[in-house]
Amino acid sequence: GGGVSVYDSELDAQVRDRARLATDVRELLTAGEQRRDREVVLHYQPQLDVASGRVVGVEALVRWQHPERGLLPPLVFLGLVEEQGLMEALTVHVLRRAVREAAGWSHAGAPLRVSVNLSASSLAHPDLLPVVDGVLAAGGLAPGRLVLEVTETTLMADPDRALAVARALTRRGVQLSIDDYGTGYSSLAYLTDLPATELKLDRAFTARVLAEPRTAQIVEATVALAHRLGLRVVAEGVEDEDTRAVLGGLDVDESQGYLHSRPLPPQDFTRWLAARPDPAQVVGAEPREV
Ligand code: C2E
Ligand code: MG
Ligand code: MG
Ligand code: MG
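Following the UniProt record's numbering, the numbering of the sequence shown begins with 444 at its first residue and continues without gaps.
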């Protein structure tokens with residue numbers, strides 16, 4: 444008897460807590476711009492060209508600076524945003540903010556690309572294209588510097604729609620990236636139809652590439668195929684130098700992960716960026732991470 448009631452009350456508390464957070468999410472995304480600007484913030488993680496060590500892009504990753512709960516990671520609140528049909532409001536905010544904050548960033552004389560994650564509902568939303576046009580015009584970002592990341596699962600939710608939107612984005616010069624590649628079940632035939640420019644190898648591959656020769660072979664074959672299709676390959680979740688070196692040997696183009704930097708708030712990121720030398724200017728330096 445007693446055990447069951449304790450379990451029940453804990454479950455109750457969890458359900459109540461989730462309901463409270465859902466209410467907070469609703470208020471946050473239906474309230475005015477000011478509250479959104481204060482609480483929905485972006486952290487940025489660099490992407491480095493493996494061969495040269497140059498920083499070539501950043502991924503914008505959303506966080507919620509909750510007034511009582513502190514900084515919340517996306518996995519805590521994205522589900523609640525989606526359930527309440529508020530993803531589009533969040534996406535518009537994130538796109539605007541990412542373009543505004545990152546438009547001026549460059550390394551070694553070249554402007555950085557800015558990657559933003561899109562959920563299935565955002566990709567399918569009829570307002571996506573006008574929103575992207577508006578955000579690019581207002582933020583002064585060349586379309587080619589914007590990368591929209593979608594997962595295989597997102598693409599497969601409505602493949603025809605995804606294909607149409609992808610083509611419309613590409614006509615504008617905006618880039619499309621296939622995120623978490625290898626975790627889904629998409630058919631390669633479908634992916635060849637998709638006008639993507641980038642493939643992000645899922646962290647699960649990155650984590651195993653050193654220890655498992657089979658994984659290294661799969662990565663090598665995937666990279667070769669991606670290159671044949673004209674896609675650049677970014678490895679996510681790179682945490683150590685040995686892994687980066689092995690990935691470079693397998694012809695992976697770019698590296699992203701804690702090895703280089705955790706995702707950082709914009710001011711910290713610009714400081715990190717300013718402290719990085721231009722690899723071409725470092726006499727005798729190997730393009731390796733410290
Ligand atoms: P993702 O797009 O695959 O982003 C990579 C995640 O891996 C990020 O988690 C990042 O902090 C984490 N990460 C980066 N480097 C390393 C590493 O070296 N080791 C490990 N263990 N992890 C690393 P985060 O920021 O918690 O984001 C989780 C997911 O939430 C993202 O996965 C993305 O799917 C989603 N997300 C983030 N921001 C947005 C957004 O603005 N809109 C939408 N719709 N989804 C977003
Ligand atoms: Mg991503
Ligand atoms: Mg990813
Ligand atoms: Mg991932």
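Here a beta-carbon is modelled for each residue, glycine too, at the ideal position from N, C-alpha and C.
Do residue i and residue j have their C-beta atoms closer together than 8 Å?
i: residue 742; j: Ser620; result: Because the chain in this structure spans residues 444 to 733, residue 742 falls outside the shown range and cannot be described.
i: Leu637; j: Ala609; result: yes
i: His536; j: Arg497; result: no
i: Leu642; j: Ala669; result: yes
i: Glu697; j: Val493; result: yes
i: Ser564; j: Met599; result: no
i: Arg556; j: Gly513; result: no
i: Gly587; j: Arg543; result: no
i: Leu472; j: Ala532; result: yes
i: Leu693; j: Ala647; result: no
i: Leu702; j: Trp548; result: no
i: Arg672; j: Thr640; result: Contrary to the premise, residue 672 reads as Leu rather than Arg in this sequence. Taking 8 Å as the Cβ cut-off, Leu672 and Thr640 do not qualify as a contacting pair.
i: Leu584; j: Ala546; result: yes
i: Pro722; j: Ser495; result: yes
i: Val695; j: Val725; result: no
i: Val559; j: Leu521; result: no
Where do the ends of the beta strand (DSSP E) carrying residue i lie?
i: Arg556; result: Arg556 to Asn560
i: Leu591; result: Leu589 to Thr594
i: Gly500; result: Val498 to His509
i: Pro489; result: Val483 to Asp492
i: Ser565; result: No beta strand (DSSP E) contains Ser565, which is instead part of the alpha helix (DSSP H) from Ala563 to Ala567.
i: Gln618; result: Gln618 to Tyr624
i: Val677; result: Arg675 to Ala678
Do you know whose CA, among the options, lies nearest residue i's CA?
i: Glu502; options: Gly700, Asp685 and Ala723; result: Gly700
i: Arg506; options: Glu684, Gln527, Gly528 and Thr534; result: Thr534
i: Thr594; options: Ala611, Ala494 and Leu566; result: Leu566
i: Arg469; options: Gly528, Gly513 and Ala456; result: Gly528
i: Glu525; options: Leu561, Val578 and Val662; result: Leu561
i: Met538; options: Pro510, Val578 and Leu555; result: The amino acid occupying residue 538 in the given sequence is Leu; Met does not appear at that position. Answer by Cα proximity: Val578.
i: Arg481; options: His509, Asp467, Leu491 and Thr466; result: His509
i: Gly616; options: Leu606, Arg479, Leu589 and Pro709; result: Leu589
i: Glu511; options: Ala723, Ala553 and Asp467; result: Asp467
i: Leu491; options: Pro709, Asp711, Gln710 and Glu684; result: Glu684
i: Gly625; options: Glu453, His568 and Val662; result: Val662
i: Asp623; options: Tyr633, Thr597, Leu606 and Arg478; result: Thr597
i: Pro602; options: Gln724, Arg614, Tyr633 and Ala474; result: Tyr633
i: Leu569; options: Leu523, Ala611, Phe712 and Glu655; result: Before going on, a small fix: residue 569 reads as Pro here, not Leu. When only C-alpha atoms are compared, the closest one is Ala611.
i: Leu523; options: Val458, Gly627, Thr649 and Gln724; result: Val458
i: Pro709; options: Gln477, Arg651 and Val483; result: Val483
i: Thr713; options: Pro554, Arg478, Ala580 and Gln618; result: Pro554
From which residue to which residue does the alpha helix (DSSP H) around residue i run?
i: His536; result: Met530 to Ala545
i: Asp685; result: Glu684 to Gly692
i: Asp576; result: Leu571 to Gly582
i: Gly522; result: Pro517 to Glu526
i: Glu641; result: No alpha helix (DSSP H) holds Glu641; the beta strand (DSSP E) holding it covers Glu641 to Leu644.
i: Val608; result: Pro602 to Arg615
i: Asp721; result: Unbroken run through Asp721: none, as it is neither H nor E.
i: Glu663; result: Pro656 to Arg671
Using a Cβ-Cβ cut-off of 8 Å, state whether residue i counts as contacting chain C.
i: Pro720; result: Note that chain C does not occur in the displayed structure, where there is just one protein chain.
Problem set entry | contact_flag[the segment 565-577, the segment 500-518] where n(CB pairs < 8 Å) is 3 or more | no
For this session: Could you please go through the chain and list the residues whose beta-carbon is closer than 5 Å to any non-hydrogen atom of ligand 1?
Result: Leu504, Val505, Pro516, Pro517, Val537, Asn560, Ser562, Gly680, Glu682, Gly700, Tyr701 and Pro706
For this session: Could you tell me whether the segment 462-475 touches the segment 672-681, where touching means 3 or more Cβ pairs closer than 8 Å?
Result: no
Exercise. Below 8 Å, can you find three or more Cβ-Cβ pairs linking the segment 474-489 to the segment 688-697?
Worked result: no
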